[in-house]
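Remarks on the structure that follows.
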Amino acid sequence: MPAPRALPSLLLALAVSALGSAASRDPARDQLLTREKAMRVGGLLVLEEEEQLADQRLRALKEAEMLEAAQTGTFPPSMHFFQAKRLVERSAVFRVLQKMPKGAALHVHDFGIVSMDWLVKNVTYRPHCYFCHTRKGTMLFRFAHPSPPKPEPAECSEWVLLEKVRKGLQNVTEFDQSSLLRSFTLVTESPQVTYANQDMVWAKFQTIFLSLSGLVNHAPVFRDYIFRGLEEFYQDNVLYLELRTTLFPVYELNGTVHSLEWSVRTYEEVARAFAEKHPGFIGIKLIYSDHRFKNVSCIKKSVQTAMKLRAQFPRMVAGFDLVGREDTGHSLYYYREALMIPALHGVKLPYFFHAGETDWQGTAADGNLLDALLLNSTRIGHGFALSKHPAVWADSWKKDIPVEVCPISNQVLKLVSDMRNHPAAVLMATGYPMVISSDDPAAFGAKGLSHDFYEAFMGIGGVTADLRTLKQLAMNSLKYSALSEGEKKVAMEAWEERWHKFVAELARGPE
Ligand SMILES: *[C@@H]1O[C@H](CO)[C@@H](O)[C@H](O)[C@H]1NC(C)=O
Ligand SMILES: *[C@@H]1O[C@H](CO)[C@@H](O)[C@H](O)[C@H]1NC(C)=O
Ligand SMILES: *[C@@H]1O[C@H](CO)[C@@H](O)[C@H](O)[C@H]1NC(C)=O
Ligand SMILES: *[C@@H]1O[C@H](CO)[C@@H](O)[C@H](O)[C@H]1NC(C)=O
Ligand SMILES: *[C@@H]1O[C@H](CO)[C@@H](O)[C@H](O)[C@H]1NC(C)=O
Ligand SMILES: [Zn+2]
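Residue numbers (full-length UniProt numbering): 1 to 511.
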């Protein structure tokens with residue numbers, strides 16, 4: 001650490017308290033600190049000797065970064081992720097987080113798990129790829145052969161063969177970067193200018209999934225996409241995933257369309273093939289999801305579909321969720337009749353509802369938190385508004401319902417700008433059960449879970465988050481997963497083995 005010259009006193013206080021070396025002469029004050037230390041996420045974990053060494057090293061790295069941030073005025077978690085990403089990836093703490101076995105990704109969506117770069121470089125270079133432009137400029141894609149895609153696109157230009165278009169271009173890289181890649185992600189150099197408000201960022205977000213669906217739902221791409229997604233998470237030291245998926249129909253080159261069952265079976269097959277080649281990998285489960293802009297009768301059908309799929313694939317299909325923007329979509333209360341169907345039939349269909357992904361206190365979206373609790377949701381997706389609902393919070397805690405915190409998603413979708421002000425900071429300080437996840441990392445320019453762990457560890461967790469916090473978050477991801485008790489035991493053992501290796505390496509210090 002550079003010798004602090006004329007540091008502001010705030011900085012010195014930060015350094016001293018982070019080091020934990022300043023025993024105050026005030027027992028009452030010490031007692032408050034001790035109590036709060038025990039309350040927060042991971043506060044009750046007792047670290048082994050080697051873990052303590054690792055923790056010291058990690059804290060030294062963290063402190064150095066925070067001191068530097070205070071000196072330069074540049075603190076990545078307080079910046080927009082698109083602008084912070086480069087800095088994050090240079091961080092020593094980030095590199096530790098990449099190596100850390102993080103357990104499971106419990107909140108990720110089917111089309112958001114593979115770097116979009118791969119889609120451009122690999123998928124759009126496959127033969128028989130057509131595209132058209134909608135009136136609003138969204139690119140839609142479709143693979144077809146021997147005849148061009150059918151049906152003719154409504155509200156879209158004529159289908160054109162991508163290969164042919166590329167042949168006529170002077171600068172293909174330019175096209176790949178500025179037309180294709182930009183259709184697949186939200187990433188821009190000046191997000192504050194590009195997305196003036198939540199409506200604008202959501203409008204673009206929704207077009208991304210329209211563009212991706214024609215590419216990813218082509219059967220050969222679908223298989224490779226899943227495999228590739230698991231690879232990206234595995235490389236990031238994630239051993240298990242629960243994927244929210246709408247099971248949009250997958251199609252063949254000749255236009256044949258597959259059933260939902262086919263998609264579930266394919267997920268299962270690909271995950272099994274992946275596990276055979278990747279030691280320690282546990283697998284995946286699916287959370288069947290439908291859109292919250294549909295009407296009650298549609299959702300009644302999809303709840304029944306979820307029940308059927310879960311009966312058919314009990315080890316693969318974990319439950320049901322509703323996806324899409326809560327502020328503009330229907331509320332859980334609106335769907336209550338549909339969502340009561342399983343209970344009325346005495347069927348267990350676990351729910352994993354997105355709820356409270358809003359800044360608007362007291363609205364229907366905010367009220368989703370009440371209904372997620374009343375409908376016995378197994379976990380709560382985001383739960384961004386939970387700290388505004390003390391009664392829900394108390395009951396959901398009693399029922400041990402965790403929140404799935406997705407920091408970068410919340411920031412990119414403009415719920416919060418500075419991670420230090422993320423409401424999960426309150427939950428983390430009180431020890432509320434939580435996991436960290438990445439929602440649609442590829443759409444945000446992130447990968448796996450590490451970027452989100454960085455934001456949670458450095459921003460949300462503040463100065464005090466340490467190795468206990470991280471260990472608890474990783475263990476929570478398995479504990480609160482939909483794995484069976486037997487599967488959890490196996491998963492926990494695989495994770496522990498990796499954790500010990502990670503800790504030993506970290507404790508040993510810089511190579
Ligand atoms: C795309 O990736 C697959 C494997 O994931 C590989 O077999 C194929 O050759 C790649 N295609 C292109 C065009 O890069
Ligand atoms: C093509 O476009 C890329 C990206 O915009 C640019 O970096 C490159 O210099 C261009 N190449 C030529 C030959 O103009
Ligand atoms: C369409 O292609 C699929 C996969 O290649 C094949 O199984 C199916 O028989 C084909 N259907 C028709 C009608 O040609
Ligand atoms: C619900 O939506 C579906 C599909 O958009 C439509 O066919 C159906 O008529 C709607 N039902 C009601 C009751 O509005
Ligand atoms: C939720 O759990 C309560 C208590 O076990 C039960 O009475 C209620 O029917 C459940 N609701 C649903 C929708 O499953
Ligand atoms: Zn989500």
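Positions of the beta carbon are idealized from the N, C-alpha and C atoms, including for glycine. These numbers come from a predicted model, not from an experiment.
- For the set D418, E232, T124, S183, the Cα lying nearest the Cα of M139 is the one of S183.
- Closer than 6 Å to some heavy atom of ligand 4: that describes the Cβ of S297.
- Ordered by chain, the residues meeting the criterion of a beta-carbon within less than 7 Å of a non-hydrogen atom of ligand 1 are K121, N122, Y125, R126, D224, F227, R228.
- Taken atom to atom, the span from the alpha-carbon of T185 to that of I208 is near 7 Å.
- Sixteen is the threshold: when 16 or more other Cβ atoms of the shown chains lie within 10 Å of the Cβ of M434, as they do, the residue is buried.
- The segment 238–246 makes contact with the segment 273–292, as at least three CB pairs between them are under 8 Å.
- Going by DSSP, Y335 is part of no alpha helix (DSSP H) at all; its letter is neither H nor E.
- Here the segment 127–143 does not lie against the segment 475–495, with fewer than 3 beta-carbon pairs under 8 Å apart.
- When Cβ pairs closer than 8 Å are counted between the two stretches, the segment 370–380 is seen to touch the segment 341–354, the count reaching three or more.
- Going by DSSP, G486 is part of the alpha helix (DSSP H) stretching over 485–508.
- The beta carbon of N237 sits no closer than 6 Å to any heavy atom of ligand 3.
- DSSP, read as helix, strand or coil, puts G112 in coil.
- By the beta-carbon neighbour count (other beta carbons within 10 angstroms, threshold 16), S157 is exposed.
- Of S450, G431, Y432, M307, the smallest CA-CA separation from D439 is found for S450.
- Per DSSP, reduced to three states, the secondary structure at H354 is strand.
- Take D117, set aside five residues on each side of it, and the residues of its chain with a beta-carbon closer than 8 Å to its own are L181, in chain order.
- Here H278 is exposed. Its C-beta has fewer than 16 other C-beta atoms within 10 Å.
- E252 has its Cβ nearer than 6 Å to a heavy atom of ligand 3.
- At a Cβ-Cβ threshold of 7 Å, F233 and G448 count as neighbours.
- Distance from the CA of F75 to the CA of T245, rounded to the nearest whole angstrom, comes to 35 Å.
- Contact annotation, I436 with V405: C-beta distance approximately 6 Å; criterion of less than 8 Å satisfied.
- According to DSSP, Y240 shares a beta bridge with A104, G283.
- Comparing C-alpha distances from L161 to each of D395, A70, T124 shows the shortest one belongs to T124.
- In this structure Y251 does not touch A275 by the C-beta definition: roughly 27 Å separates them, more than the 8 Å allowed.
- Rounded to the nearest whole angstrom, the C-alpha separation of G214 and F143 is 8 Å.
- Taken through DSSP and simplified to helix, strand or coil, V257 comes out as strand.
- Proximity of the beta carbon of T256 to ligand 3 is indicated: a heavy atom of the ligand is located closer than 6 Å.
- Boundaries of the beta strand (DSSP E) harbouring E404: 403–405, taken from the DSSP string.
- Shown here, S481 sits in coil according to DSSP, grouped into three states, outside any helix or strand.
- Residue nearest to D366 within the set L44, Y333, T430, P151 is Y333 (criterion: CA-CA distance).
- Pairing R25 with A465, the inter-Cα distance amounts to about 24 Å.
- The beta carbon of P390 lies closer than 8 Å to none in the same chain, with the five residues before and after it left out.
- The shortest CA-to-CA distance from I226 to any of V88, L119, V257 is the one to L119.
- In chain order, the residues with a C-beta atom nearer than 6 Å to some heavy atom of ligand 2 are N171, T173, E174, Q177.
- With fewer than three CB-CB distances shorter than 8 Å, the segment 424–432 does not count as touching the segment 197–206.
- Per DSSP, the beta bridge partners of R142 are Y130.
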